[in-house]
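The structure under discussion appears below in the form of structure tokens.
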Amino acid sequence: MNLQVRTISKNRQLAINILASYIALFVQMGISFFLSPYIVRTVGVEAYGFVQFSYVLISYFAILSVALNSMSSRFIMVSCFRGDFIAANKYFTSTFYANVILGAIIFPVLAAAILNIAKIINVPAHLLVDVQFLMGFMAVNFVVDLLATNLGISYYVSNKLYLFSLVQVYGHILRAVLLIGFFTFFEPYVAYIGLITLIITIFTQSANIYWKRRLIPDLNINRKFFDLKKVKELISSGVWNSITRLGQILQDGLDLLIANLMLSATAMGILAVAKIIPNVINMILHAMISTFLPDMTELYAKQKYDELVKSAKRYMKITGMIINIPIALLIAFGDILYALWFPTQDSGLLQLLSVITVLPWAIMGQTAIIHNIFTIVNKIRVNSILVTITGFLNVLLVLVLLKTTSLGLFAVAGVSSVLIIIRNLGYTLPFGALYLNRRWTTFFPETGKSVASVFVISAAGLFIKSFLQAYSWPGLFVVAIITVLLGLGFNFLIVFNKDDRIYIFDKIRARMG
26 MNLQVRTISK NRQLAINILA SYIALFVQMG ISFFLSPYIV RTVGVEAYGF VQFSYVLISY
86 FAILSVALNS MSSRFIMVSC FRGDFIAANK YFTSTFYANV ILGAIIFPVL AAAILNIAKI
146 INVPAHLLVD VQFLMGFMAV NFVVDLLATN LGISYYVSNK LYLFSLVQVY GHILRAVLLI
206 GFFTFFEPYV AYIGLITLII TIFTQSANIY WKRRLIPDLN INRKFFDLKK VKELISSGVW
266 NSITRLGQIL QDGLDLLIAN LMLSATAMGI LAVAKIIPNV INMILHAMIS TFLPDMTELY
326 AKQKYDELVK SAKRYMKITG MIINIPIALL IAFGDILYAL WFPTQDSGLL QLLSVITVLP
386 WAIMGQTAII HNIFTIVNKI RVNSILVTIT GFLNVLLVLV LLKTTSLGLF AVAGVSSVLI
446 IIRNLGYTLP FGALYLNRRW TTFFPETGKS VASVFVISAA GLFIKSFLQA YSWPGLFVVA
506 IITVLLGLGF NFLIVFNKDD RIYIFDKIRA RMG
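Residue numbers for the sequence shown follow this note's numbering, beginning at 26 and rising by one.
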């Protein structure tokens with residue numbers, strides 16, 4: 026069997042992967058920055074809320090696929106790193122055929138829910154058909170994605186994530202062109218967003234097929250490799266991830282639904298707008314996690330546990346720096362940003378809702394790296410149970426607060442943030458270390474430094490804001506750049522130690538060399 030040889034050094038490869046992932050994210054952020062207010066102006070904040078809710082609706086049904094698919098990439102990657110391509114092909118093929126069956130079961134149920142959507146949630150009569158078409162396209166997109174599970178595994182096994190980022194860049198650009206074209210030349214409907222999402226998925230998965238054949242030609246779908254025992258093994262390992270996903274949805278995936286049912290469709294739209302920036306920060310966070318996953322998995326597969334712990338701590342610092350700066354910018358300048366970005370909406374309300382939503386990442390964002398450890402060592406049961414418990418508590422507390430107080434959207438956005446912080450402090454950090462046979466306090470210092478970083482950078486931004494006029498796009502850009510530079514300097518000089526700085530300089534030299 027043949028795994029394409031990596032000719033680029035590990036340090037340079039990781040640097041390229043990180044750079045490429047951020048180029049892809051910045052392209053997506055730039056497109057979203059200009060298109061989101063355009064879509065809100067064109068179809069209204071109510072209709073925009075249903076766009077975001079359509080993603081959430083699909084995620085409810087996706088829970089059923091998580092048990093099978095969440096651990097499949099882990100087993101395929103470990104098999105490839107160990108040179109066992111027969112096992113890798115068995116996992117790869119078995120996952121595909123199981124997903125075919127799963128898709129055939131889920132799609133009719135999803136279609137029935139969409140046809141009766143007006144009986145499930147509050148949909149204004151003039152938007153009903155448009156929303157149904159939107160969700161219909163999203164349902165087809167879900168099935169396509171389901172069948173294409175693991176086609177992108179080649180980027181991770183070959184550690185060439187920059188290729189995946191390149192595909193994403195092209196996809197984002199194509200999405201922008203199609204959105205502008207549809208909304209410019211045709212009567213505006215939110216259904217276009219669903220259709221374009223499907224087109225981009227087909228484009229992306231076609232590219233994934235091409236690169237899989239180039240990078241790992243020996244990893245293929247073949248009926249002779251189908252193994253029901255492998256399916257059972259994957260489900261057995263992943264069932265707890267499915268439970269975790271259920272808990273995550275109960276934590277933060279029901280907020281739009283609750284806002285719609287308990288408040289109004291307009292309230293759901295406002296919350297959807299307020300979550301645009303938090304969602305971008307979340308994408309940045311997950312891009313960082315996926316960038317580091319191949320290296321961490323390889324270290325574990327080769328039983329280099331000391332190096333794995335050292336790498337995890339370093340990756341926590343890097344992740345903390347990358348996500349803390351935009352969070353601090355949101356805290357310091359969010360009111361100005363929303364006033365300029367969505368001038369017809371309440372900028373103060375949008376900022377406050379956004380800050381409440383990102384609060385867990387401001388305090389515990391870097392702990393997301395620890396979740397990689399849970400997956401790598403196949404220790405996800407306790408985490409799944411805790412996520413589910415906090416998810417149920419979130420729904421219960423939100424409903425109680427909505428019935429007994431006037432907190433409204435603040436209750437919807439805030440309860441889950443508090444519960445996530447408590448769970449990560451009480452379990453994720455200490456047990457991430459214990460699962461690697463280290464002291465439970467191993468990862469706490471990195472978290473403390475990250476929290477300090479958010480406070481310092483936010484305070485610096487507020488101080489700058491009090492002296493410089495920033496109530497225009499040029500002014501906001503200037504104060505944001507100054508704050509970003511101060512944030513980078515603080516993290517580089519205070520949060521990172523000498524070894525971390527040497528590591529980063531080596532990566533820069535490798536990137537330029």
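C-beta: ideal position from N, C-alpha, C; glycine also.
With H, G and I counted as helix, E and B as strand and the rest as coil, what does DSSP make of residue i?
i: tryptophan 236; result: helix
i: arginine 463; result: coil
i: glutamine 494; result: coil
i: phenylalanine 517; result: helix
i: glutamine 370; result: coil
i: arginine 31; result: Confidence at arginine 31 is low in this model, with a pLDDT of 45, below 50, so the placement of that residue should be treated as unreliable; the coordinate-derived value is given next. Residue state, collapsed to three classes: coil.
i: serine 77; result: Residue identity differs from the one stated: residue 77 is glutamine in this sequence, not serine. Glutamine 77: helix per DSSP, three-state reduction.
i: isoleucine 146; result: coil
i: asparagine 247; result: coil
i: asparagine 449; result: helix
i: glycine 433; result: coil
i: valine 383; result: helix
i: phenylalanine 469; result: helix
i: valine 402; result: coil
i: lysine 329; result: coil
i: serine 15; result: This structure cannot settle anything about residue 15, because the visible part of the chain is limited to 26 through 538.
i: lysine 342; result: helix
From this set, the options, which residue's C-alpha is nearest residue i's C-alpha?
i: aspartate 371; options: His396, Asp320, Ala292, Phe417; result: Ala292
i: threonine 369; options: Ile225, Asn408, Gly69, Thr466; result: Gly69
i: methionine 96; options: Ile398, Ala485, Pro470; result: Ile398
i: serine 57; options: Thr392, Thr429, Leu411, Phe367; result: Phe367
i: arginine 406; options: Ile350, Glu471, Asn266; result: Asn266
i: methionine 160; options: Arg107, Ile268, Gly219; result: Gly219
i: serine 90; options: Ala129, Arg66, Pro62, Leu60; result: Ala129
i: glycine 196; options: Val182, Thr229, Ile352, Val165; result: Thr229
i: glutamate 323; options: Ala312, Ser336, Phe521; result: Ser336
i: leucine 377; options: Arg248, Ile83, Val298, Ile88; result: Val298
i: lysine 237; options: Gln276, Phe75, Phe492, Ser183; result: Ser183
i: aspartate 20; options: Thr120, Glu212, Pro149; result: The displayed coordinates of the chain run from 26 to 538. Any statement about residue 20 would go beyond what the structure contains.
i: isoleucine 361; options: Ile205, Ala201, Val504; result: Val504
i: leucine 422; options: Leu279, Phe358, Phe456; result: Leu279
i: isoleucine 64; options: His151, Gly206, Ser491, Thr316; result: Gly206
i: glutamate 71; options: Lys523, Ile506, Arg526, Ala290; result: Ala290
i: leucine 60; options: Phe162, Ser79, Ala201; result: Ala201
For my contact list, residue i and residue j are in at a C-beta cut-off of 8 Å; report their separation, rounded to the angstrom.
i: isoleucine 381; j: alanine 438; result: 5 Å
i: leucine 286; j: asparagine 147; result: 7 Å
i: leucine 461; j: tyrosine 330; result: 6 Å
i: glycine 486; j: threonine 508; result: 4 Å
i: alanine 353; j: serine 497; result: Actually they are not in contact, since the Cβ atoms of alanine 353 and serine 497 sit about 21 Å apart, beyond 8 Å.
i: valine 264; j: alanine 92; result: 5 Å
Please state whether the Cβ-Cβ distance between residue i and residue j is less than 8 Å.
i: asparagine 94; j: threonine 222; result: no
i: serine 98; j: isoleucine 178; result: yes
i: methionine 102; j: valine 305; result: no
i: phenylalanine 117; j: isoleucine 274; result: no
i: leucine 240; j: lysine 185; result: yes
i: phenylalanine 250; j: asparagine 114; result: yes
i: serine 475; j: glycine 345; result: yes
i: arginine 448; j: threonine 415; result: yes
i: glutamine 77; j: lysine 300; result: yes
i: glycine 433; j: leucine 288; result: yes
i: threonine 413; j: threonine 453; result: no
i: isoleucine 309; j: isoleucine 348; result: yes
i: aspartate 155; j: valine 215; result: yes
i: phenylalanine 86; j: isoleucine 126; result: no
i: leucine 153; j: alanine 164; result: no
i: leucine 296; j: leucine 282; result: no
i: proline 319; j: tyrosine 181; result: yes
i: leucine 244; j: phenylalanine 110; result: yes
i: isoleucine 225; j: valine 52; result: no
i: asparagine 403; j: serine 262; result: yes
i: leucine 444; j: alanine 436; result: no
i: methionine 389; j: isoleucine 350; result: no
i: isoleucine 25; j: leucine 384; result: Absent from the model: residue 25. The displayed extent of the chain is 26 to 538, so no value can be given.
i: isoleucine 401; j: methionine 321; result: yes
Please report the residue range of the alpha helix (DSSP H) in which residue i lies.
i: proline 213; result: Where proline 213 is concerned, there is no enclosing alpha helix (DSSP H), given that its DSSP letter is neither H nor E.
i: threonine 174; result: From DSSP, threonine 174 is part of no alpha helix (DSSP H); its letter is neither H nor E.
i: threonine 392; result: Where threonine 392 is concerned, there is no enclosing alpha helix (DSSP H), given that its DSSP letter is neither H nor E.
i: threonine 316; result: 301–326
i: asparagine 114; result: 110–140
i: methionine 102; result: 97–106
i: glutamine 273; result: 253–273
i: leucine 282; result: 280–283
Is residue i a contact residue of the ligand ADP, with contact defined as CB to any heavy atom under 7 Å?
i: threonine 472; result: Ligands displayed in this structure: none; no statement on the ligand ADP is therefore possible.
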